[in-house]
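Trainee:
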Amino acid sequence: RMSSLVERLRVRSDRRPVYNLDDSDDEPDSVKKRGMGSPSGVIEKIERPDAKNGSCQSCGKSENLWDCDTCLYAYHPSCLLPELKGPRPNSWKCPEC
Numbered sequence: 233r234m235s236s237l238v239e240r241l242r243v244r245s246d247r248r249p250v251y252n253l254d255d256s257d258d259e260p261d262s263v264k265k266r267g268m269g270s271p272s273g274v275i276e277k278i279e280r281p282d283a284k285n286g287s288c289q290s291c292g293k294s295e296n297l298w299d300c301d302t303c304l305y306a307y308h309p310s311c312l313l314p315e316l317k318g319p320r321p322n323s324w325k326c327p328e329c
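Each number in our numbering corresponds to the 1-based position in the sequence shown with 232 added.
1) Can you give me the Cβ contacts of TYR307 inside the same chain, cut-off strictly under 7 Å, excluding the 5 residues immediately before and after it?
2) List the DSSP bridge partners of TRP298.
3) Whose C-beta lies closer than 8 Å to the C-beta of LEU230 among residues of the same chain, with five residues either side of it excluded?
4) Let's test the definition: count the other Cβ atoms within 10 Å of the Cβ of CYS329 and tell me whether it reaches 16, buried, or not, exposed.
5) Can you tell me the Cα-Cα spacing of PRO321 and ASP301, whole angstroms?
6) Where does GLU276 fall in DSSP's three states?
7) What does a CB cutoff of less than 7 Å around ASP261 pick up in its chain, not counting 5 residues either side in sequence?
8) In angstroms with no decimal places, state the Cα-to-Cα distance between PRO314 and TRP324.
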């Protein structure tokens, strides 16, 4: 009996999973990208309809903001959880990205 179990497990482990990949765009229609979109190295930013242009997404104030590198959101380091301390890194993404 043990040999038949081992044989069944061996056959089962030889199978590889089949994935149905959907190549359609996963972004909702309301999320658009803004930027130059050319292959020249300019990074497009995701347009978010609820972005507070020039203001913190958390508190709404506008001074000393960290702009997200991938979308239009901006935050104060102290408004983030956990609060970020120190200088802004060269590359920074908001909690949503």
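Backbone N, C-alpha and C fix where the C-beta goes; we use that ideal spot for every residue, glycine too. What you are looking at is a predicted structure, and each value in this text was computed from that prediction instead of being measured.
Mentor: Taking the structure as given:
1) Hits under 7 Å: CYS288, GLN289, SER290, LEU297, TRP298 and CYS326.
2) TYR307
3) This structure gives no information on residue 230, because the portion of the chain shown stretches from 233 to 329.
4) exposed
5) 11 Å
6) coil
7) In this prediction, ASP261 has a pLDDT of 48, which is less than 50 and means its spatial position is unreliable; what the coordinates show is noted afterwards. Cβ neighbours of ASP261 beyond the five flanking positions: none.
8) Distance between the alpha carbons of PRO314 and TRP324 is about 14 Å.
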